[in-house]
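Residues 4 to 545 in our numbering are what the sequence shown spells out, letter by letter. No residue lacks a Cβ here, since even glycine has one placed at the ideal position from N, Cα and C. A quick note: this is a predicted structure, and the numbers were derived from the prediction, not measured.
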Amino acid sequence: MDRRPLLRPARRGGLALSVALLAALPPLAAQQPAPVQPPTVDHVEIRRNSVFDADEASFFLLRAVNALHVTTREYVIRRELLLRAGTPWDSARAAESARNLRRLGVFRSVRVDSVRTDSGLVARVETRDGWSTRPDFRFRSTGGELDYTLALIEDNLLGTASQASVVYRSNPDRTTTVFGFRQPRLVAGRIGLNARWDNRSDGERLAVLVNQPFFRLESRNAWGLTAESRDERILRFGDGLELPVDSVFRRYGLLRADLAHALRASTAGYLRVGVAAQLRRDDVLPGPPLQGRPGVEQTTGAIGGWLEWRRARFDTVTGYNALSRTEDLDLSDVVRVGTWLAPAGLGYDATGIGPEFLVQTGARFGSGFARAAVYGNGVFTSAGLDSGSVQLQGTVAWLPGSRHLLVLHGTVGALERPIPGSEYDLGLGAGPRGFRQHAFTGDRMIFTTAEYRYALARDFLKVAEVGLAAFFDHGGAWYDGQGARTGWDAGIGLRLGASRAPDLEANRLDLVYRSGNDRESAGWVFVVAKGFAFASGLRGGQ
């Protein structure tokens, strides 16, 4: 008698149960290891250094500089940090902390790193102050024209990262004395104040801003209150003439409130939305040679809103603005759109809609980088475009070695019915460097420049950066309907910077050959200015 069937059901049942249990388990290859948790910060260590390190200050003059300088206070550094004891180490927040510190404009060097010790992971922050007290004398000269500035500026008042300044400026149009104060964290470490008074030989300006900005990428809220007053004479130039073609007197007052919130925010970027409202008084009265003609007196109100998206992408670069120091590089993708509503019931002749936009991006390539941006705005009524502007600009920089730099930059722009004084105005340090002030004016503009620079010494005698440069500029401005008015120049120059100051831009002393045009003859001129020819922006276009 065959008894094997009596045993088989039990075995088959056990096998089936085993197969079912195995099938219910995930494959071994699909099982993911537990994510590795970043180490926890045990404490934050701050190391503050004066202008000269202890091993450098062997000479008594260097020791005297350190003795006179008030080193940045620890609480000023600590409030900019995004790392805290007891929280996980985050390299993105460490990098943003370093950017926050460099943005204060008081350090020549910042380093944020992690160090393992017997007690655990330490977040180490090391700063080196720049010499912040600047009895400043600078001037821009093109041929026989001179624009000079005398200033006493303290960028780090009593070590608090507050800026106080007194500036006297003289140019061919007017003289101006400026008093200023800026502290972005004046009240409770969050509310800032920025105030400025310009006392001009032909008028005055006063502007005050109280605000709480977005202090970091992850900030959720921001607000601001602005008050501005102007009583000034505006000179208008054209056709490259040295004397103004006309002038206007402007009395201007502005009250504005802004409120913004981040719908999404992280170290990778954000999505922010904001609203604004303003009340403006703007009276424009003709001056010589049209003095006595009727002017325009207007009080208006407007409301607006905007949306801004950013995909954060930051890097650092050494030897760009400054010949030797490291600075932050913003290569983020940014898109901003907004609109203003200007109702006829709030003082305007007709209801208008004012759209505005900004798109910018950047990228690294090998040993260089590129950045580009386009922005524009306008006011539309039932009759069509009332006024507006659009501008496109791009910069490419190549740093093939620690001492070499090649920079290419281009800007084009157009204005429609600009308000008096906001026309493009190139010359004497803005645009082609070899041309005098107001050489090119109008509502259409183009400017291109190329510069190669070689750093001869990056910390000469522990105080100076020295370099040589060769350059070429081409550009101009003109009014729509007229022929394009442009010019070019080329030359060589000396670059001088202060290696122990927080200011990054180098002074330039250039020997320039200027091409001739309908107003200026060709020839050699000597030009003194600061920074790249495009660094301070082009006058007008606002």
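Quick one: what's got a C-beta closer than 6 angstroms to residue i's C-beta in the same chain, skipping five residues either side?
i	result
T302	R284 and G350
F450	T414, G434 and G478
R254	D234 and D286
R374	G365 and T398
E231	A210 and L257
F475	A453 and A493
G500	A325, L326, E468 and A509
N224	H264
I194	Q215
T179	R172, D201 and R203
H412	T398, T452 and F537
So the candidates are the options; which of them puts its Cα closest to the Cα of residue i?
i	options	result
W527	R517, P289 and K533	R517
E207	R177, V115, P247 and F535	R177
R461	T74, D333 and A504	A504
L395	F383, R114, D205 and Q363	Q363
R275	D446, G341 and V410	G341
F240	A525, G424 and V44	G424
S392	R447, F438, L431 and R439	R447
F463	S502, F110, V531 and Q166	S502
R358	G387, A472, F372 and F368	For the sequence presented, residue 358 should be read as Pro rather than Arg. Selected option, being the one with the closest Cα: G387.
S370	V73, A88 and S405	S405
G496	D261, R436 and R522	R436
Q485	P403, G322, F443 and I422	F443
G48	S122, W481, V338 and E419	Here residue 48 turns out to be Glu, not Gly, going by the sequence shown. For E48, the nearest C-alpha among the options comes from S122.
T90	T120, H46 and R111	H46
V190	G416, P175 and Q215	Q215
E419	E83, I356 and D389	D389
V109	A167, A126 and Y273	A167
F360	L310, R81 and G192	L310
I422	G432, L431 and G381	G381
F529	R522, E221 and D513	D513
E221	G290, R188, I237 and R314	R314
V181	R188, G192 and V169	V169
Please return the same chain residues whose Cβ sits closer than 7 angstroms to the Cβ of residue i, not counting the five positions on each side in sequence.
i	result
D331	R102, R105, F317 and T319
R76	G162 and T163
L85	R96, E99, S100 and R219
L31	Its pLDDT being 46, under 50, L31 is placed unreliably by the model, and the measurement read from it follows with that caveat. Counting only Cβ-Cβ distances below 7 angstroms, and skipping sequence neighbours, we find nothing.
G322	L402, S405, L408 and A458
L71	none
S53	N69, H72, T74 and D132
G298	D286, V287, L288 and P289
For the beta strand (DSSP E) containing residue i, list its first residue and its last residue.
i	result
I306	V299 to R314
E359	G355 to F368
V530	G526 to K533
S94	Note, S94: premise wrong, no beta strand (DSSP E); alpha helix (DSSP H) at S94 to R106.
F463	R447 to F463
A501	T489 to A501
L228	N224 to R239
I422	Segment: none, I422 is in no beta strand (DSSP E) and carries neither H nor E.
V39	Looking at the DSSP string, V39 is not in any beta strand (DSSP E), and its letter there is neither H nor E.
S122	Note, S122: premise wrong, no beta strand (DSSP E); not H, not E.
R172	Q166 to S173
R283	G272 to P289
H264	D249 to S269
D201	I194 to R203
R517	N510 to R517
Q186	T178 to V190
E48	V44 to N52
R208	G206 to Q215
N380	G371 to T384
Which residues mark the beginning and the end of the alpha helix (DSSP H) in which residue i is found?
i	result
I80	E77 to R81
L65	F63 to L71
Which residues in the same chain have their Cβ closer than 8 angstroms to the Cβ of residue i, if we skip the five residues on either side of it in sequence?
i	result
R137	A154, L155, I156, E157, D158, A504 and D506
D93	P41, L85, L86 and T270
A27	Annotation note: pLDDT 46 at A27 (below 50); position unreliable, coordinate value reported separately. For A27, where only same-chain residues beyond five positions count, there are no Cβ hits under 8 angstroms.
Below 8 angstroms on the Cβ atoms is my contact criterion, and I expect residue i with residue j to pass it. Report the Cβ-Cβ distance as a whole number of Å.
i	j	result
K533	R511	7 angstroms
V213	W134	With 8 angstroms as the limit, V213 and W134 do not qualify as a contact, their Cβ atoms being about 30 angstroms apart.
L282	G304	5 angstroms
A400	F372	6 angstroms
T74	L124	The Cβ separation is near 26 angstroms, so there is no contact.
A353	G307	Not really, about 17 angstroms apart at Cβ, beyond 8 angstroms.
D139	G432	No, D139 and G432 are not in contact; Cβ-Cβ is about 16 angstroms, not under 8 angstroms.
When you measure from the CB of residue i to every non-hydrogen atom of the ligand SAM, does any distance come out below 7 angstroms?
i	result
R81	As for the ligand SAM, it is missing from this structure, which has no ligand bound.
Can you check whether the C-beta of residue i is within less than 8 angstroms of a C-beta belonging to chain C?
i	result
A458	You won't find chain C in this structure, because it holds only one protein chain.
### Message
With a threshold of 8 angstroms, are at least 3 pairs of Cβ atoms found where one atom belongs to the region 263-270 and the other to the region 449-468?
### Response
no
### Task
May I ask you to verify whether the region 195-204 touches the region 115-125, counting CB pairs closer than 8 angstroms and requiring at least 3?
no
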